[in-house]
Amino acid sequence: MTLEDAIKLAVLALAKTMEEPSPENIEVAVITVEEKKFKKISKEKVAKCLEEALKEAEEEEVAEKEEDYTELDSNY
């Protein structure tokens, strides 16, 4: 898992607990092994990660539903 993937996962987890997720309501910071410094992620990057994470989650949901319908069709 890349740092970018980890940020998206964290943002998605937070977004799922919020009524109206937005970059203004989410703060993300990272500490890398290489730099060993606390680094706050910009609101722009949080917004991009939130948008991508929500889109990916929606696509996964659609794929799962299609798979469920395909399974139901094959049972009849």
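Residue numbers (the numbering used here): 117 to 192.
Virtual Cβ for every residue (Gly too), placed ideally from N, Cα, C.
1. Quick one: what's got a C-beta closer than 8 Å to Met117's C-beta in the same chain, skipping five residues either side?
2. Who are the near neighbours of Met134 in its chain, counting only those whose CB is closer than 7 Å to its CB and skipping five residues on each side?
3. What are the partner residues of Ala145, as DSSP defines its beta bridges?
4. Within the same chain, show all residues whose beta-carbon is closer than 6 Å to that of Thr163, passing over the 5 residues directly before and after it, in chain order.
5. Pop quiz: Ala131 and Leu170 are said to be a contact at Cβ under 8 Å. What is the actual Cβ separation, rounded to whole angstroms?
Walking through what the data contain:
1. Leu125
2. Closer than 7 Å at Cβ, skipping near neighbours: Asn141.
3. Lys156
4. A small correction: the amino acid at residue 163 is Ala; Thr does not occupy that position in the sequence shown. Pro139.
5. 6 Å
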